[in-house]
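Trainee:
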Amino acid sequence: MPQRLTPLEIMTKLISFPTVSRDSNLPLVDWVEDYLNGHGIRAHRWPDPDQPHKAALFAHVGPWEEGAVVLSGHTDVVPVDGQPWDSDPFVVTERDGKYFGRGTCDMKGFDALAIWALVEAQYADVKRPLQLALSFDEEVGCTGAPPMIVAMQEVLPKGSAVVVGEPSMMQAVTGHKGGFGYDTHVVGYEVHSSIMHTGVNAIMYAAPLIDWANAQNDINMAADPSDIAAVFDPPWTTCHVGMIKGGTAHNITAKDCRFMMDFRVVPGEQASTWKEAYLEQVRAAERKMQQVHPDAHIEVKASFAVPALVPETDGEAETLVRALTGDNATHVVSYGTEAGQFQEAGYSAVICGPGDIAQAHQPNEYITIAQFNAGHDFMQRLIYKLAA
Ligand SMILES: [Zn+2]
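The sequence shown begins at -1 in my numbering and counts up by one.
1. Of the choices A211, W234, N215, Q214, whose alpha-carbon is the least far from that of D222?
2. Helix, strand or coil for S85, going by three-state DSSP, please let me know.
3. In or out: Q268 buried (at least 16 other Cβ within 10 Å) or exposed?
4. Compute the distance between the beta-carbons of V304 and P265, then report whether it is under 8 Å.
5. Helix, strand or coil, according to DSSP, for F261 in the structure here?
6. Out of A213, D260, H359, which one is the CA nearest neighbour of C103?
7. Could you tell me whether any non-hydrogen atom of ligand 1 is closer than 7 Å to the CB of H190?
8. Taking C-alpha atoms, which residue in A143, V148, M168, V78 lies nearest to L111?
9. Which residues neighbour ligand 1 when neighbourhood means a C-beta less than 6 Å away from any of its non-hydrogen atoms? List them by chain order.
10. Quick check: what's the CA-CA separation for V153 versus A306?
11. Give the single residue among P87, A66, V68, L69 whose Cα lies nearest to the Cα of V76.
12. Taking 8 Å as the cut-off, decide whether the C-beta atoms of V330 and V229 are in contact.
13. What did DSSP end up calling L387 once you bin it into helix, strand or coil?
14. Can you tell me where the alpha helix (DSSP H) with I349 in it begins and where it stops?
15. May I have the straight-line CA-CA distance separating Y203 from R285, to the nearest angstrom?
16. So which of A368, E164, G244 has the shortest CA-CA distance to E336?
17. Taking the Cβ atom as the reference point for each residue, do A66 and P145 lie within a distance shorter than 8 Å?
18. CA-CA distance, F56 and D46?
19. In terms of residues, what are the limits of the beta strand (DSSP E) holding V331?
20. In terms of DSSP beta bridges, what is T366 paired with?
21. Among E7, P25, I8, H374, which one has its Cα closest to the Cα of F15?
22. Using the rule of at least 16 other Cβ atoms within 10 Å of the residue's Cβ for burial, across every protein chain shown, is A142 buried or exposed?
23. Give the DSSP-derived three-state secondary structure of Q129 in the structure shown.
24. Roughly how many whole angstroms lie between the Cα atoms of A356 and A294?
25. Give me the Cα-Cα distance between Q378 and A386, rounded to the nearest whole angstrom.
26. Under the three-state reduction of DSSP, which class applies to I242: helix, strand or coil?
27. Does the count of Cβ pairs from the segment 175 to 189 and the segment 91 to 105 closer than 8 Å reach three?
28. Applying the criterion that 16 or more other CB atoms from any shown protein chain within 10 Å of the CB defines a buried residue, is L277 buried or exposed?
The structure is reproduced here in structure tokens:
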């Protein structure tokens, strides 16, 4: 019989693959596939046709029927470039009651526990199926999960309760904001600034769009939050510009100004409403620019879009996780995850994973051994429940 690895051994293996989002994750996927196959579990891949060096992987254990619990994680990690690490980021190093390494917390620790659980479920004669879903490109805007979810539904019986193991200190997180962004490129018309009335200064047309975001934030902050929004911090939709670039000289009307306009929308409000509101501002600015020069225009390109995770009423995933963890408090987070994408595809979804999000993406990223063990306990209780 092939060797059954411990969760720590699996995590050590996963972290040895430097699966930074820009690079290939295939060596990791190959390894997971071989390991599962070795235990008689058929793994399925979704190879990304646009990025041949990347693939998602999913698998099913137990009775061939609908209603599986799905353990969902991403295989990619953020870069370590320029970060001061005290040990090799791609070697799990134990010190001070912690496992250090890129992805220990976000989120190969959970991935390892999920792979471990799938193999255990294979030997435990589970009555209810368990599925594993490992995506890629989560860290670059959650773009890998949606096609994987479609592919899973074509190949496997549909699961019903999804546990997305982003670090939550093993608490049941039932909601997060949705997010989307627009890469905005204002294209002006260059003239000497002494005759600026004949040119179109891209920076000066970008400024009112950005100030519109300021005004929206003020309005949102002043309004009474809805019940569903009230649990978030902050309890309102935020509009944010984190990057801007433009102009070539102080005395030339700027030809180009690019900025990133991002929105984080509270559950209960529609992302499409905010998109339309912003695009209306863009079109109005463009009309004014073109009155000065017909070549001036504004290009907007969607940069990312992640649906909100809307807290469910008596959600199946939430109920399961609460039963396994004993956590009955209300938790929501302000960052996006793949849970909203599973929910949008018709699954009940919750976030619950070991580790603290504060350690994610940091130099010397770690997961405490206590949290990793808490994740292990969770998986053991899950297998027990599925076999009962
Ligand atoms: Zn993550």
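By construction, the Cβ of each residue, glycine as well, lies at the ideal position given by its N, Cα and C atoms.
Mentor: Once the coordinates are examined:
1. Checking every option, the nearest Cα to that of D222 belongs to W234.
2. Here S85 sits in coil by DSSP.
3. Counting the other CB atoms within 10 Å of its CB gives Q268 a total below 16, which places it among the exposed residues.
4. Not in contact: V304 and P265 (Cβ atoms no closer than 8 Å).
5. Here F261 sits in strand by DSSP.
6. Closest in alpha carbon position to C103, among A213, D260, H359, is H359.
7. At a cut-off of 7 Å, the beta-carbon of H190 does not count as near ligand 1: no heavy atom of the ligand is closer than that.
8. Measuring from the Cα of L111, the nearest candidate turns out to be M168.
9. Any heavy atom of ligand 1 counts here; residues with a Cβ closer than 6 Å to one of them, in chain order, are H72, D104, M105, E136, E164.
10. Distance from the CA atom of V153 to the CA atom of A306, rounded to whole angstroms, is 26 Å.
11. Considering only alpha carbons, the answer is P87.
12. The answer is yes: Cβ separation under 8 Å.
13. The shown model of the chain, from -1 to 386, leaves out residue 387, and the question about it has no answer.
14. Premise fails: I349 lies in the beta strand (DSSP E), 346 to 349, not in any alpha helix (DSSP H).
15. For Y203 and R285, the distance between alpha carbons rounds to 11 Å.
16. Among A368, E164, G244, the Cα nearest to that of E336 is on E164.
17. Against a cut-off of 8 Å, the Cβ pair of P145 and A66 comes out as no contact.
18. Here the alpha carbons of D46 and F56 stand approximately 14 Å from one another.
19. That run of the beta strand (DSSP E) goes 329 to 331.
20. K96.
21. Among E7, P25, I8, H374, the Cα nearest to that of F15 belongs to P25.
22. Per the sequence shown, residue 142 should be read as Gly rather than Ala. Burial state of G142 is buried, judged by a 10 Å Cβ sphere holding 16 or more other Cβ atoms.
23. In the structure shown, Q129 adopts extended strand secondary structure according to DSSP, grouped into three states.
24. Going by the C-alpha atoms only, they are around 43 Å apart.
25. In this model, Q378 and A386 are separated by some 12 Å (Cα to Cα).
26. In this structure, DSSP gives I242 an extended state, which the three-state scheme calls strand.
27. The segment 175 to 189, when compared against the segment 91 to 105, does not touch it at the 8 Å Cβ threshold.
28. It counts as exposed.
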